[in-house]
Structure formats: structure tokens, C-alpha cells
């Protein structure tokens, strides 16, 4: 029988570093009214000049000749900074006192000369498209100023950086620029009227919700809403709990709403099966506490987890209860929500991708393919007593037009097979077993229902196991071939 220990007494567990290694440190450099030296009159230099002037810099361009693009840029001018053209080559004396020094050099010799002159003057230097002579890089930019997002691949994959920028562009509404400007106008009031810490954070979390709501950031239209938000933020009371589905493993399966919850959490109580890559996306300042429950291992009692949520929320904290898969499917969410309701603590749920859905996607199999199945059932393989649940309609599960997915079925594989066959399911019924769904170390087996116990044993894993039974898996079983890959790649084993 599994033992139980209180969360505070749990053994240490390996977790990802709070900050993973960085190829370079992203910084945002204010250039308003500052001098920048730019050597070169090419199209590439023109793009850098336009970018610098948009940041408010006074861009001193040293070039005897300018490209047509550069000439047009100088004629048009900048809406923020300004250009000063010097129709001569650069010299060492012009670099002194500059905030940055940038050049488009025609050769490595010219690049080295400019680099050495800037270094001697103590000015950060960048020679365009010549990494050995760069102390900093220009990344791809998403511009919602005053919100500015910089993307860098450290110079190794600029096209990838541009693709990432396009992806982010689609996620951020253009109105975000106006909301950020509004935030700047009300910032002084926030500092004056709300206490540091929880009050201000509550305000800015609600403000952020409004910014992403699709509404226009018009001060008159939003003034009443803002007054309500100020009032709520200033009210010191109980915190709240958000039950968040982390999905079966891959952090890319998180919903946007789950991401926002992780970014606003004060405390994260996470399951043992939650992948490190998911925790890496959480707010850095959030306290993270492992409260995992695993069959046959030292585990937290559900009562201890409930008490912890109540206690932390009672301190005014936003508690995120991070659960593997979907919190509403075999996640004990009902018990947690009931306890929180009894204590009068606000609670909400962010759904996640359940393991069965991730398995179907990974296999490319429809669980309700109309030629094979008209129903799908998710069934727990364990009752409160640790045996197969007797309350399940086993006769219904034996229906050949039903796809059934058993959760947590590794230790019950032989009993599941025996019970289904005894209820009339054909021994030859196709079965698919997967462990560690959607993770790099996922493993799977295909075969017949009569061979289920042996198939699970062949996987040789203690990870969470799904057992899927139904005719929809017939093609998977027929085409699977016995194959063992490198440990970091999925492994598929077919029946003999």
C-alpha cells in the first residue's frame, strides 16, 4: 500500500534550474537623445540607422556615398530621433562619447580597425553580419511600443528568429500598444493608492486581463472598469486557487489561459508527473512545491494538499494547483473544489489536454472513427480499494463499437484483459498501450487484448501507462514493427 507524508517532509526532487543557460543576456538599451556612430552608407546600414533613430538616437552617419535607400531615409527623416550625415569616412575621434558604434565594413581588415577603435574608446560595437567583431547583436523585434519584444538566436539562425517573431505577432493584439501607454499614465496613481506586493499585483493582473480582452484602451470608456479594478485590488482578503491542466507532458500543449495562470501565481503546487519544461514557464518569483501522488510510492495525502491550498489562499495568495493532463479527469479536482467551496475560497479551473487525447493525436488515430466506434470511454483502472472498480459498466465496455481508454492501468493490465474477455470482448481486439505520452521518452506497444499483460511488461517502464482498447487501433497494430530507438526517442514495440 502507498505510504503518505506531509508535503513539507517530501524528499528533494530534481527540478529544472530557475534560469536555464543563456547564450547571451537580453538587455533593453535606452537611446533617447544619445549619440550613435554608424559607419557605412549601404542598405544594411540604412536599416540599422532607421532602427536606431526609431529608438530616439542621434545617428551620426559617416559615409562618402549613400545607397538610394539610405538617401531616401535621410530625406524622410525620423519620427523620434534624427540623422546627421557626415560625407566622409569615420575616424577614431568621432567614436568617443558615443553610446554605440556600428559599421557595415567592406572587409575583415576594415571591420577589425573599427572594432579596435570602438574598444579603445570603451563603446559597445557591432560590425554588421560579422560576428567576430560584435559585442552585441540586433535581434528580431515585435513592436508594440512601449511594449518591445526582442528575439535572438545568437546569430546562428536568423530565419528562425524571424519565424518566431511572426508567431508572436499573431498572438499580440495591436491594441496592446495603447494599453501599455495607458498603464504608463495610471502608474503614478497605482503607486500612490495601492500597497506594494499583493495589492499592486492584483491590480496589474486584472489590468492585463482587460488588455487581452479585445477592448480598445480608451481612457473614458475604461475609466469605470478601472475604478472597479482599483477597488478590488485595494481590498485585502482571501486569495484564490486556480486548478490548471498541465497536459500530459509537452509544454507546447499548454493553453494560453494556463500560461497566464502560471505567470500570475504566488505559489504553485504541482504533481509529480508535471514536466520540468512546464514549470520553466511559470513566474520566476512563484514558490514551487511538489505535492505529487504516485501509486506505490511515498505520496502526499489529498487531505494535506487540500489543507495547504486553504492555508495559502487564506494568506491572500494566488495558488495554482498544477495537475498533469486535465484536472477534471481522474485528477481529484472534485474533492479539492468541494473543500475550497466549503471554506469560501474563490476557485476556477483551466482545462488541459488529457492523456488520451494526446495519445490519439500522437498515433494519428480517431478514438471515434465512425467505421469502428460510436462511443469512447475514459475509465480509471483503480478503485478506492486499489482493485478494478466494480461500479464500472463492464458489459458496456465489452461493446465492440466502444473505444475504451484505461488510465493508470500498468499494474491492472492482466485483470483488465481477463475482465473484458469474460464480459464478451474478443481476445483478438486491438490494443494500444502507451507510457509517458507526448514526452521524449514515450514508449508504446501494439497487440491483441489477450496479450495485454505481456505487452505492458515489455515496455519496462514505471511511467504513467494508458491502455486503449478498440477496433480503431486495428491499423496501428497491423503496421507497427518492433523497433528500439535511442533512449531519448519514442519506442514502439509490436506484438509477436
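In the working numbering, the protein residues as written are 60 to 555.
Built from N, CA and C at the ideal position, the CB exists for glycine as well.
Mapping DSSP to helix, strand and coil, what is residue i?
| i | result |
| --- | --- |
| residue 106 | helix |
| residue 301 | strand |
| residue 537 | Its pLDDT being 43, under 50, residue 537 is placed unreliably in this model, and the value from its coordinates should be taken loosely. DSSP places residue 537 in helix when its eight states are reduced to three. |
| residue 380 | strand |
| residue 63 | Note on residue 63: pLDDT 48, under 50, position unreliable in the model; the coordinate value appears next. In the structure shown, residue 63 sits in a strand (DSSP, three-state: E or B). |
| residue 227 | helix |
| residue 336 | helix |
| residue 513 | helix |
| residue 531 | helix |
| residue 407 | strand |
| residue 169 | helix |
| residue 327 | strand |
| residue 127 | helix |
| residue 546 | For residue 546, the pLDDT reaches just 36, beneath the cut-off of 50, and the residue's location in the model is therefore unreliable, leaving the point undetermined. |
| residue 190 | helix |
| residue 75 | Because the pLDDT of residue 75 is 49, which lies under 50, any placement of that residue in the model is unreliable, and the number read from its coordinates should be weighed accordingly. Three-state DSSP puts residue 75 in coil, outside helix and strand. |
| residue 554 | Residue confidence for residue 554 is low, a pLDDT of 49 falling below 50, so the modelled location carries little weight; the figure read from the coordinates is stated next. Residue state, collapsed to three classes: coil. |
| residue 244 | helix |
| residue 178 | helix |
Hey, would you say residue i sits closer than 8 Å to residue j, going by beta carbons?
| i | j | result |
| --- | --- | --- |
| residue 497 | residue 417 | yes |
| residue 112 | residue 120 | no |
| residue 490 | residue 415 | no |
| residue 13 | residue 196 | Residue coverage of the chain in this structure runs from 60 to 555, which leaves residue 13 outside it and unanswerable. |
| residue 133 | residue 115 | no |
| residue 377 | residue 529 | no |
| residue 314 | residue 182 | no |
| residue 369 | residue 301 | no |
| residue 234 | residue 177 | no |
| residue 55 | residue 372 | Given that the chain is displayed from residue 60 to residue 555, the structure contains no residue 55 and the question cannot be resolved. |
| residue 123 | residue 146 | yes |
| residue 515 | residue 478 | no |
Thinking C-alpha only, which one of the options is nearest residue i?
| i | options | result |
| --- | --- | --- |
| residue 350 | 201, 81 and 390 | 390 |
| residue 290 | 266, 274, 324 and 98 | 266 |
| residue 457 | 487, 471, 506 and 206 | 487 |
| residue 139 | 93, 298, 481 and 392 | 93 |
| residue 333 | 257, 141 and 385 | 385 |
| residue 156 | 362, 485, 184 and 100 | 184 |
| residue 483 | 505, 509 and 533 | 509 |
| residue 286 | 322, 248, 505 and 208 | 248 |
| residue 216 | 231, 523 and 199 | 199 |
Thinking residue i and residue j are a contact (beta carbons under 8 Å), I'd like their distance in whole angstroms, please.
| i | j | result |
| --- | --- | --- |
| residue 451 | residue 438 | 6 Å |
| residue 154 | residue 180 | 5 Å |
| residue 455 | residue 374 | The Cβ separation is near 47 Å, so there is no contact. |
| residue 518 | residue 476 | About 15 Å separates the two Cβ atoms, so there is no contact after all. |
Evaluate the contact criterion for the stretch 326 to 345 versus the stretch 391 to 402: three or more CB pairs, one atom per stretch, below 8 Å. Because the criterion of three Cβ pairs below 8 Å is not met, the stretch 326 to 345 and the stretch 391 to 402 do not touch.
So, does the stretch 493 to 507 touch the stretch 305 to 315, judging by three or more C-beta pairs under 8 Å? Judged by Cβ distances under 8 Å, the stretch 493 to 507 makes contact with the stretch 305 to 315, as three or more pairs qualify.
Measuring CB atoms only, is the stretch 447 to 467 touching the stretch 516 to 529, in the sense that at least three cross pairs come out at less than 8 Å? In short, these stretches touch, since the Cβ pair count reaches three.
When the Cβ atoms of the stretch 186 to 206 are set against those of the stretch 158 to 171, are three or more pairs found closer than 8 Å? Contact annotation: the stretch 186 to 206 touches the stretch 158 to 171, with at least three C-beta pairs closer than 8 Å.
Hey, is the stretch 78 to 87 in contact with the stretch 148 to 155, meaning 3+ C-beta pairs nearer than 8 Å? With a cut-off of 8 Å, the stretch 148 to 155 and the stretch 78 to 87 do not count as touching, because too few Cβ pairs lie within range.
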